[in-house]
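J.: Protein chains in written order, with our numbering: chain A, 1 to 339; chain B, 340 to 627. A virtual CB, placed ideally from N, CA and C, is assigned to each residue, including glycine. Quick caveat: nothing in here was measured; it's all calculated off a predicted structure. There's a structure below that I have some questions on.
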Amino acid sequence: MSGRDLLGLVVAGAAGLAVLILTPIYFELDTVLNLTVYMIMAVLALSLALVWGFGGILCFGQSAFFGLGAYTYAIAIINMGESTAPLLLSILVPALFAAALGYFIFYGRISDVYLGVITLTVTLILFNSINSTAGPEFHIGAARLGGFNGIPGIPPLNWPLQKDKPVDLQGMFYLSTASLIVVYFGLRALLASRFGHIIVGIRENERRAELLGYDPRAYKLATFVIGAALAGYAGCLFANWGAFVSPTIFGLAQSAQIIIWVIVGGRGALIGPILGCIGIQWLTAALGANAPTGAGGFAAVLGNAPLVLGAILIAFVLLVPKGLAPTLADLTGQRMRAR
Amino acid sequence: MDLAALLGVQVLYAIASLALISLGLAIIFGMMKVINLAHGEFLMLGGYAAIEANRFGLNIWIAILVVAPIVVGAIGVVVERTIIRWLYGRIIDTMLATWGLSLFLVGLTTAIFGNTTVGLSAPLGSFEIGRYRMSAYTLFVIAVAVAALAGVLAALRYTRAGLIARGTMQNGAMAAALGVNPGRVYAVTFGVGAAITGLAGAVLAPVSGVFPSIGGAYVAKSFITVIGGGAAIVTGTTSASILFGAINQLATYATTPVFGEVALLGAAVVLIRVLPQGITGRFFRRSL
């Protein structure tokens, strides 16, 4: 590892710890709440950064695993009442689902393009099926699925195995931020490991990796499953944050958003998607706040999140295809060499 | 007996509407290898074009059959010239850019028309099958689908423009050497695909109504039809529509519309696993 990489790691760690410790001291509770959801979504962004940026697997349905994690947690905790097992299930169920789906995709050697379409289709299947379960006859144990109304009033996480000690709002912030830091460094370690080198090698040249004796199908499947597990965990945190899940978290808009975070931030580095995620979320929140409902004209256009997000996505694909972080790194690198 | 006839017409209708919404996409994907994720929004725009034209007093048939294809075709040409043409050969980037376009168009139409469903009352009244009544518009949709498929097949096979288009798609440099302007062919092909999509959106508007995010309901179905069909545009679309349309409608009849769609999508995933090149990758290989 070069000195510059090490410096980057130290800076990232210090910045993460500073956010973790200082935010609740200096900011009001509503800011802390907003930041919590940014942290949760950043974990989700990291899951796609791994699968797409490093595994080279363009998954259009990362929100399927996110939603599955959220629903699993909601259904499990309503039935069990204690959060340790639901938390683990919310990671396990999306991982198993991804393993089944991924087996189908990777062992069928389906091309990149069809992979995108299939993952998108699966997301739509989940959205449509959950959406149509509004009636009281759709329930799993004590949990009613609620269809398009969603599941309200999800009980919060508690300390492991201590049912009467729930995690409060500030605790959720600490948990989410700590999760982001742990996931970031965990992924850095994973990518520095033998496994990480192999998946990047497969991304660069699948045929060559195969001829060298690695089975790309197994490695891609493993990457896909790890990504799904992380997305599921983010979903569990999200269900906790709002105490509510609805089918929109499976929706196309949500899937697109995750892709946009990664595109804007940049693939090939983990810090990019985190910054992209936080930046875009901040932007959508700011635009939404500026446009009161019923506003006309210019405010209505700017306050219209899909319109702005769509324009951003088109602009980045056409003009900044590598994303912000790598492009900025290239520019500063060039300038330093030029000196 | 009456019930069987009714179900038969419904299955035909499901097949026809599937073929109709997929044909434009099949042209754009099959000929240009461009995955247009804004396809659903082109359908939506076709619906709005017809409804708005009708609201301004235009005859409903002209609004559906003439105005909608022209408007959406023109939008298609603009999109090709501004976005798609920079991305040929970068298939993943095309998907991402058109997804951006899809969000953009949803946002734009929401800002203009509002997030409500608008409709167009279906003309033609109804007819009877024994004890059941059915909208005659259903038959019109089936007729339009057949006409569109036949028209595209004839244009590709028997006209000079179709020959030039096919030649350019096969080998752009060769066609350019023979005096064809490939950029123009791409733009026109994309425009034709968009125009047929606009027509489909307008034809279906009286059945389903139109709202800004209606594209999401169509896009997955049309994609899997095109992918399930494989490389041949007309034969592929037709065969995949027959398979998926029948599965969808029969499953809908047996359970609910939602599980009909789930059955359709599930069947598609299995089909792609078994025949990764689509139906025409294995059967009818020399067809168009």
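Does the count of Cβ pairs from the region 143-153 of chain A and the region 239-254 of chain A closer than 8 angstroms reach three?
T.: yes
J.: Closer than 8 angstroms, CB to CB, is residue 612 of chain B near chain A or not?
T.: For residue 612 of chain B, the nearest beta carbon of chain A is closer than 8 angstroms to its own beta carbon.
J.: My understanding is that residue 463 of chain B touches residue 573 of chain B, with C-beta atoms under 8 angstroms, so please give their C-beta distance in whole angstroms.
T.: Contact flag wrong, Cβ pair sits at about 27 angstroms.
J.: Does the region 46-53 of chain A come close enough to the region 230-241 of chain A that 3 or more CB-CB pairs lie under 8 angstroms?
T.: yes
J.: Can you tell me the Cβ-Cβ gap for residue 402 of chain B and residue 392 of chain B, rounded? I've got them flagged as a contact below 8 angstroms.
T.: 4 angstroms
J.: So which residues of chain A does residue 373 of chain B contact, with C-beta pairs closer than 9 angstroms?
T.: Residues of chain A passing the Cβ test: none, with the nearest at roughly 11 angstroms.
J.: Excluding the five sequence neighbours on either side, which residues of its own chain have a C-beta within less than 7 angstroms of the C-beta of residue 351 of chain B, listed in chain order?
T.: 481
J.: Exposed or buried, which one is residue 162 of chain A when buried takes at least 16 other CB atoms within 10 Å?
T.: Looking at its Cβ environment, which holds fewer than 16 other Cβ atoms inside 10 Å, residue 162 of chain A is exposed.
J.: Report the rounded CA-to-CA distance for residue 319 of chain A versus residue 426 of chain B, giving the unit in angstroms.
T.: Taking the Cα positions, residue 319 of chain A is about 11 angstroms away from residue 426 of chain B.
J.: Less than 6 angstroms between C-beta atoms, sequence neighbours within five positions excluded: which residues of the same chain meet that for residue 623 of chain B?
T.: 574
J.: With three or more C-beta pairs closer than 8 angstroms as the rule, is the region 92-99 of chain A touching the region 160-179 of chain A?
T.: no
J.: For chain B, is any of its Cβ atoms less than 8 angstroms away from the one on residue 397 of chain A?
T.: The requested residue 397 of chain A does not occur in the structure, where chain A is confined to residues 1 to 339.
J.: Just the Cα atoms here: how many angstroms apart are residue 604 of chain B and residue 26 of chain A?
T.: 50 angstroms
J.: From the beta carbon of residue 537 of chain B, is the nearest beta carbon of chain A less than 8 angstroms away?
T.: no
J.: Taking 8 angstroms as the cut-off, decide whether the C-beta atoms of residue 524 of chain B and residue 504 of chain B are in contact.
T.: yes
J.: What would DSSP say about residue 57 of chain A, mapped onto helix, strand or coil?
T.: coil
J.: What residue range does the beta strand (DSSP E) around residue 179 of chain A cover?
T.: Unbroken run through residue 179 of chain A is the alpha helix (DSSP H), 169-192; no beta strand (DSSP E).
J.: Considering only the alpha carbon of each residue, which of A:307, A:235 and A:256 lies closest to residue 88 of chain A?
T.: A:235
J.: Out of curiosity, what's the CA-to-CA distance linking residue 431 of chain B and residue 113 of chain A?
T.: 7 angstroms
J.: With burial defined as no fewer than 16 other Cβ atoms inside 10 Å of the residue's Cβ, what is the status of residue 451 of chain B: buried or exposed?
T.: exposed
J.: Taking the continuous alpha helix (DSSP H) assigned at residue 600 of chain B, which residues delimit it?
T.: Counted as a single uninterrupted DSSP element, the alpha helix (DSSP H) harbouring residue 600 of chain B occupies residues 596-613.
J.: Just how far apart, CA to CA, sit residue 59 of chain A and residue 612 of chain B?
T.: 17 angstroms
J.: Considering just the uninterrupted stretch of the alpha helix (DSSP H) at residue 233 of chain A, what are its terminal residues?
T.: 216-242
J.: Taking 7 angstroms as the cut-off, is the CB of residue 256 of chain A close to at least one heavy atom of the ligand NAD?
T.: Absence of the ligand NAD is noted for the structure shown, with no ligands found whatsoever.
J.: What are the start and end residues of the alpha helix (DSSP H) that includes residue 41 of chain A?
T.: 29-48
J.: Of the choices B:627, B:610, B:617 and B:583, whose alpha-carbon is the least far from that of residue 490 of chain B?
T.: B:627
J.: Residue 260 of chain A to residue 62 of chain A, Cα distance in whole Å?
T.: 12 angstroms
J.: Would residue 425 of chain B count as contacting chain A if we go by Cβ distances under 8 angstroms?
T.: For residue 425 of chain B, the answer is yes, since a Cβ of chain A falls inside 8 angstroms of its Cβ.
J.: Thinking C-alpha only, which one of A:126, A:30 and A:39 is nearest residue 251 of chain A?
T.: A:126
J.: Go ahead and label residue 342 of chain B buried or exposed: buried means 16 or more other beta carbons lie within 10 angstroms of its beta carbon, across all protein chains shown.
T.: exposed
J.: Run through DSSP, which three-state label would residue 471 of chain B get?
T.: strand
J.: Just checking: is the beta-carbon of residue 168 of chain A within a distance shorter than 8 angstroms of some beta-carbon in chain B?
T.: no
J.: Under 8 angstroms between C-beta atoms, does residue 489 of chain B make it to chain A?
T.: no
J.: The alpha helix (DSSP H) spanning residue 363 of chain A covers which residue range?
T.: The displayed coordinates of chain A run from 1 to 339. Any statement about residue 363 of chain A would go beyond what the structure contains.
J.: So residue 293 of chain B and residue 581 of chain B are supposed to be a Cβ contact under 8 angstroms. How far apart are they, rounded?
T.: The structure shown has nothing for residue 293 of chain B, since chain B only spans 340 to 627.
J.: Of the choices A:329, A:109 and A:92, whose alpha-carbon is the least far from that of residue 218 of chain A?
T.: A:109
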